[in-house]
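Residue numbers (this note's numbering): 2 to 368.
Even glycine gets a Cβ: it sits at the ideal position worked out from N, Cα and C.
Data block below; observations after.
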Ligand code: MG
């Protein structure tokens, strides 16, 4: 199976409601889609969301990396030279993890199609079903309580609550949400780097003392502040999950060795795809640290790839793959079935995606 062309373009998917975190507010998913064509009928699909505030990858940067660095390496190559293609993808340009992730997943898709096996099985997985949480945007406490009730009515029993905009209000926000949901609902929170270490410990322990029963907190302090992260991890009653602090496998080693977090959040867009995500999962397992699989605001091509990875690794125990459930429409054909909190993989070869509607081509490189 030889690669004959690489094409990239944009899609836009409206959200059900604006997505608000401590870092940004957005109302639609604006992703770059990558298609890798071969000399057989097989096409590999990848997706990269431009999440400038987290990865530094804008749409223009993703497109530039595709055109000048990633696509030229792929043309004419045999998909069976898989490890070589994986290494080339990671090494041909520094950073640009979202563009690399899009190419990585399209190559896994093709490799699975070539060998007629779904990617989760290729990775050694046996489970096909995941249950995801749903994100509640940061707003005033009453709005968040209302949004939480709507999520419960949709069948979700685990909510990820965004906090960190105006920290004085965060305990009030969580109290409002806890009061609005049934007993037994799991609440996890994401501060998106908003707090100072001492402030984080005060807020988190205050929440637990109020009986708000927080399962875990994501990235309480600045991404680069590993000492601050460790400080919070050692003093907070709430388990701490590193998100923006862990991009690469090298970041993961440092956090694991330091004991700077209780849990790690793996996202394909931070680590550059499934190839590196597997390394993070393996290292975490060695240290006895469980992982969350997360996503950016992204469509079903990318989240489907993350679901295949999650189904293959038992160390991934927390599922935060709600991107498609936040969207008002789904332009993707094939792949895992997302129905509210339930994600069910199919046994189609590769990643199973067969098409993406409303794709607007930006560039193509052909042999
Ligand atoms: Mg997060």
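Any non-hydrogen atom of the ligand MG within 7 Å of residue i CB
i	result
residue 53	no
residue 57	no
residue 324	no
residue 299	no
residue 165	no
residue 219	yes
residue 252	no
residue 97	no
residue 140	no
residue 191	yes
residue 244	yes
residue 295	yes
residue 266	yes
Whole-angstrom distance between residue j and residue i, CA atom to CA atom
i	j	result
residue 22	residue 259	28 Å
residue 165	residue 204	10 Å
residue 200	residue 247	22 Å
residue 337	residue 80	23 Å
residue 309	residue 211	38 Å
residue 112	residue 175	45 Å
residue 135	residue 333	20 Å
residue 84	residue 105	11 Å
residue 98	residue 270	6 Å
residue 240	residue 281	19 Å
residue 132	residue 54	27 Å
residue 94	residue 62	12 Å
residue 363	residue 60	11 Å
residue 36	residue 300	15 Å
residue 115	residue 144	49 Å
residue 142	residue 182	13 Å
residue 244	residue 322	14 Å
residue 75	residue 109	13 Å
residue 7	residue 274	18 Å
residue 9	residue 49	10 Å
residue 368	residue 264	45 Å
residue 2	residue 107	14 Å
residue 319	residue 330	25 Å
residue 370	residue 185	What the structure shows of the chain is the stretch from 2 to 368, and residue 370 is not part of that stretch, so it cannot be assessed.
residue 193	residue 221	6 Å
residue 179	residue 26	24 Å
residue 152	residue 28	18 Å
residue 278	residue 170	35 Å
residue 125	residue 286	15 Å
residue 297	residue 56	10 Å
residue 154	residue 311	26 Å
residue 17	residue 340	15 Å
residue 305	residue 291	21 Å
residue 233	residue 121	35 Å
residue 225	residue 288	22 Å
Residue i - partner residues in DSSP beta bridges
i	result
residue 351	119
residue 191	163, 219
residue 11	33, 361
residue 340	343
residue 26	21
residue 367	6
residue 243	265
residue 170	Its beta-bridge partners do not exist; DSSP assigns none.
residue 356	334
residue 88	According to DSSP, residue 88 bridges with nothing at all.
residue 16	328
Below-8 Å beta-carbon distance, residue i vs any chain C residue
i	result
residue 177	Any reference to chain C falls outside this structure, which holds one protein chain only.
Every unbroken alpha helix (DSSP H) inside the region 249–334 [4 residues or more] | 250–259, 269–272, 275–287, 301–313, 324–327
Taking only runs that begin and end inside the region 32–81, name each unbroken beta strand (DSSP E) of 3 or more residues, in chain order.
-> 44–49
Identify every run of the beta strand (DSSP E) within the region 120–147, keeping only runs that are complete inside it and at least 3 residues long; order them along the chain.
-> 130–132, 135–137
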